Amino acid sequence: MIAALIFVCSLAALAQFFVSYCRSALISTAREPLSIRARDVTGLVGMTASGEEFRLYMELLQLCPERRDDRRVLRSVRIYYRMVSWLRSMGATLWPKAASWAEVERSRCAYFAAVMLDRHIAYNRALVAEQSSE
Amino acid sequence: MFAGMAFELCVVVCALVRRSFRRYIGLNLYMAVACGCDLAGYRILALHGVKSAEYLQFYYYASFMLTIALYIALINLYSVVFDEMHADKLVRFGAVLLLLGTCAVSFAVAWQSTESMVMRFIIEVSQNLYFVGVVLTYVLWGAIVKLRETRTRLVQFVLSLGIYFSALAANYALRNLWPSMSMIWIYLPPVLGCLLPLSWAYAFLRLSEESKLAPARLGVTVR
Chain A
1264 MIAALIFVCS LAALAQFFVS YCRSALISTA REPLSIRARD VTGLVGMTAS GEEFRLYMEL
1324 LQLCPERRDD RRVLRSVRIY YRMVSWLRSM GATLWPKAAS WAEVERSRCA YFAAVMLDRH
1384 IAYNRALVAE QSSE
Chain B
2 MFAGMAFELC VVVCALVRRS FRRYIGLNLY MAVACGCDLA GYRILALHGV KSAEYLQFYY
62 YASFMLTIAL YIALINLYSV VFDEMHADKL VRFGAVLLLL GTCAVSFAVA WQSTESMVMR
122 FIIEVSQNLY FVGVVLTYVL WGAIVKLRET RTRLVQFVLS LGIYFSALAA NYALRNLWPS
182 MSMIWIYLPP VLGCLLPLSW AYAFLRLSEE SKLAPARLGV TVR
């Protein structure tokens, strides 16, 4: 009985920590402006992206050589995106407010992916410039 | 084992490079102890084999040391959060009191055990400290949100530790609930042992001490 209680409490704490962790990663990039090059690639104009664009940006990210330290945070955000997408589809009929909140979160995930893409492009360009100068 | 060791070393190196070693001394101490334990474990494994009494004894003693070191790392994070309130002494006093209390409860359980008392005590303390760790991390997270703490790096440290503690506590509970599901609870701790140093290394490397975020936006509110 105690083990079951600890298991449930730990899982609830784990879920909350995970959601907060992903949100802290999303928020830290929310105010980061995109470079002109990244805007050309993604087609973004303002500082908000459509939630649907997340998959496209992730596919574009896979085309760039990965930075190892970004891999883990990208994976966490991808799991978070799936969670909020599931919540959106479930909440569309049962809880419309949750569905609209999930849509905002999906949009944040998409903007986060766009910022990561921007960083990857800058990193690759620096790498190419470094190699050509040698 | 080697991947975990490399990541642990990476945290200490990143902290040194970013000149944050002393500020987060608890976190770095834990990583150094973990790295030392991995190295010693590998040596004992090579000398005596996985089923030897020496390795079994080392495994439990190392686990005990790591739990204590992780507890110190958590208290270090408390000190950083409450730094401006000058509550260092109070935090340390509370932490030692809680540690002694946990040890006393574990000793009382081990006293009634028919197995080797020292070994039983070590296992009990490790398990109880993990659950105390989850609760303390949760309280710290609550304090961060309430105090409107804005340091991104600190927030990431606490949240990573929260994920690690709660996943390990859930794993311990799962182990007691369904002992037959050994496939999950045997492989989960090493995976988590790699994820924690990776996230801390990321926070040291990619986030500066000055980077800020709005903590009020971290709370989930559906309007």
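Sequence lines, in order, name chains A and B.
Counting in my numbering, the first sequence runs from 1264 upward without gaps.
Counting in my numbering, the second sequence runs from 2 upward without gaps.
Quick reminder that beta carbons are idealized off the backbone N, C-alpha and C, glycines included.
Here the structure is a predicted model, which means the values were calculated and not measured.
- When Cβ-Cβ separations below 8 Å define contact, B:F3 makes no contact with chain A.
- Under the three-state reduction of DSSP output, A:R1388 falls in the helix class.
- Between the C-alpha atoms of B:T138 and A:G1306 there is a straight-line separation of about 41 Å.
- Rounded to the nearest angstrom, the gap between the Cα atoms of A:A1276 and B:G163 is 8 Å.
- In terms of beta-carbon proximity, A:F1375 stays away from the interface with chain B, with every pair separated by 8 Å or more.
- Across the set B:L196, B:W186, B:A109, the C-alpha of B:W186 shows the shortest separation from the C-alpha of B:N172.
- Between B:M118 and B:A111 the beta-carbon gap is near 5 Å, inside 8 Å, which marks them as a contact.
- DSSP, read as helix, strand or coil, puts B:R20 in coil.
- With its beta carbon at least 8 Å from every one in chain A, B:T68 lies outside the interface.
- About 7 Å separates the beta carbons of A:A1376 and A:L1324, which is inside the 8 Å limit, making them a contact pair.
- Under DSSP, the beta-bridge partners assigned to B:R152 are B:K213.
- Contact with chain A is found for B:L178, since one of that chain's Cβ atoms lies less than 8 Å from the residue's Cβ.
- Going by DSSP, B:A109 is part of the alpha helix (DSSP H) stretching over 89 to 112.
- Take the alpha-carbon of B:H87 and the one of B:V126: they are about 30 Å apart.
- A distance below 8 Å separates the beta carbons of B:G27 and B:A74.
- At a cut-off of 8 Å between C-beta atoms, B:F132 counts as an interface residue with respect to chain A.
- Under the three-state reduction of DSSP, A:R1338 is assigned to helix.
- Taking a Cβ-Cβ threshold of 9 Å, the residues of chain A close to B:Y139 are A1276, Q1279, F1280, in chain order.
- A:A1312 sits in coil when the DSSP states are folded into three classes, being neither helix nor strand.
- B:A174 has a beta carbon lying within less than 8 Å of a beta carbon in chain A.
- By the Cβ criterion, the segment 149 to 169 of chain B is not in contact with the segment 1349 to 1369 of chain A, since fewer than three pairs of Cβ atoms, one from each stretch, lie closer than 8 Å.
- For B:I145, the CB contacts under 8 Å within the same chain, skipping 5 residues up- and downstream, are V82, L155, V156, V159, P216 in chain order.
- Three or more beta-carbon pairs separated by less than 8 Å are not found between the segment 53 to 62 of chain B and the segment 5 to 22 of chain B, which leaves the two stretches without contact.
- When Cβ-Cβ separations below 8 Å define contact, B:V51 makes no contact with chain A.
- For A:I1269, the chain B residues whose Cβ falls inside 7 Å of its Cβ are F132, A170, A174, in order along the chain.
- Residue range 118 to 147 is occupied by the alpha helix (DSSP H) that includes B:L137.
- Taking the CA atoms as reference points, A:A1278 sits about 17 Å from A:L1337.
- Flagged as an interface residue toward chain B: A:V1336, by a C-beta distance shorter than 8 Å.
- The three-state secondary structure of A:C1327, taken from DSSP, is coil.
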